[in-house]
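Numbering (our numbering), first residue to last: 2 to 416.
Notes follow the structure.
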Ligand SMILES: Cc1cc2nc3c(=O)[nH]c(=O)nc-3n(C[C@H](O)[C@H](O)[C@H](O)COP(=O)(O)OP(=O)(O)OC[C@H]3O[C@@H](n4cnc5c(N)ncnc54)[C@H](O)[C@@H]3O)c2cc1C
């Protein structure tokens, strides 16, 4: 059977693209060396954001910068050995984090974020995955007045975008999450985001729906992507040596450059590493929604496997050995805030947020190569943005009018 499109990478991004193409009648093969949703799309904090107006930006104040440099901020770590290679990327990230550029970022990303919950809901309903989703938003806790005051600066923009952020008293926050200890200064409830109890489960459910619509999943390591007459071949280690189709979509998340570089496509893609651990829920404990401890530098989310603590960012080479210092550090801080049982996982999980320095994803055609499409670099928001990316990409690939102007997400911005 003729295949229209190969989608490489069955994380939330690739799986959502494959599903959206299948819904539009395309013959699609989804290729991953693992089963769907077992890498970054498995281990995240499970937030389907609608309200992350500002990005996780490079620190701009001298004080914040010094704290990170001296490794005194529990939200960030780095490997000295990675800094020389990362320097150009970090400089571009610093520039993109200037206040005026942050406002541009917010305006552009709102075009996607304002659809993220509805697009997940639609795929979840048809995939039988609705039971993983919960409403109730997420709670951000602040240990200092300065932190809370900084959060308040987002409120006018939130109102402009029709989002609901409500400052809570400590008692109001405890009424929502009774297992928290009142050691924080203030709280803000963002009610529009949703969250899930198993991001990996959601991705697998979308993949199963894709198969039910006639999509094909091939578990194979894609060693290369090669242009062939009339299309593209994913060279794999499997029995047939590969899969061919007219179009290929690279949605390999943090591994995308491995296949693009040999094609001469060099993108400023870095990884922001992060860790997680599950903890047993002690009797009378537990949470009903994700909670961010802003100055503590971590998020805790109720998941199927227990309470999942996810860390901030570690700048390091992608394949460098794990150094879960942020996890050990934030676990101590988190235990002050809420009761956590024993560690559940045998070792910390590590994931790699695929990130461009301007913090925007690339969604669209690879300009110089006909039939090659890219969906990469969703950084801290990839779980949120998978379905909306799938829709935008499928609309572009099938010639439908895209629901939003895809120009800001074009790879052309990197020259
Ligand atoms: C600690 C942490 C917390 C996060 N929290 C959130 C959150 O709450 N909300 C949110 O929206 N986002 C969150 N994110 C970000 C989000 O998880 C990612 O942006 C998203 O999962 C990226 O999805 P992806 O499909 O691009 O990549 P992935 O899920 O990594 O998928 C890429 C796939 O490519 C496959 N692959 C790689 N190389 C090959 C090859 N050669 N051949 C075949 N297959 C290959 C891999 O096996 C993998 O399945 C978090 C990330 C981290 C690390």
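The beta carbon of each residue, even a glycine, is placed where N, CA and C say it ideally should be.
Taking only runs of the beta strand (DSSP E) that begin and end inside the segment 260 to 284, which ones reach a length of at least 3 residues, in chain order?
271 to 280
Answer yes or no: the CB of residue 114 versus the heavy atoms of ligand 1, is any distance below 7 Å?
no
Taking the alpha-carbon of residue 1 as reference, which of 68, 72, 324 and 60 has the nearest alpha-carbon?
Nothing can be reported for residue 1: it is not among the residues displayed for the chain, which extend from 2 to 416.
To which residues does DSSP link residue 292 through a beta bridge?
140 and 301
According to DSSP, simplified to helix, strand and coil, what is residue 55?
coil
Please report whether the beta-carbon of residue 56 lies at a distance below 8 Å from any beta-carbon of chain E.
Checking the listed chains, one finds no chain E in this structure; it contains a single protein chain.
Beta carbon of residue 355: closer than 7 Å to some heavy atom of ligand 1?
yes
Residues bridged to residue 24 [DSSP beta-bridge criterion]:
DSSP output for residue 24 lists no bridge partner at all.
Suppose contacts are defined by Cβ-Cβ distances below 8 Å. Is residue 339 in contact with residue 182 by that definition?
yes
Straight-line CA distance for residue 107 to residue 404?
18 Å
Compute the Euclidean distance between the alpha carbons of residue 7 and residue 407, then round it to the nearest angstrom.
21 Å
The alpha helix (DSSP H) that contains residue 102, what's its start and end?
100 to 128
In whole angstroms, what is the alpha-carbon distance linking residue 245 and residue 28?
12 Å
Report yes or no: do the segment 201 to 213 and the segment 27 to 43 share at least 3 C-beta pairs separated by less than 8 Å?
yes
8 Å Cβ cutoff met for residue 292 and residue 282:
no
With a CB to CB cut of under 8 Å and the five nearest residues on each side skipped, what residues in its chain are close to residue 337?
182 and 184
Any idea if residue 400 is buried or exposed, counting beta-carbon neighbours within 10 angstroms, 16 or more meaning buried?
exposed
Stretch-stretch touch, CB-based, cutoff 8 Å, three pairs: the segment 266 to 275 with the segment 389 to 398:
no
Examine ligand 1 and report whether any of its heavy atoms sits within less than 7 Å of the Cβ of residue 277.
yes
In angstroms with no decimal places, state the Cα-to-Cα distance between residue 131 and residue 49.
13 Å
Distance between residue 68 and residue 84 (C-alpha atoms, nearest Å)
16 Å
Three-state secondary structure (DSSP) at residue 390?
helix
Rounded separation between residue 289 and residue 170 - CA only
18 Å
Euclidean distance between Cα positions of residue 64 and residue 74:
11 Å
Consult DSSP for residue 404 and reduce its assignment to one of helix, strand or coil.
coil
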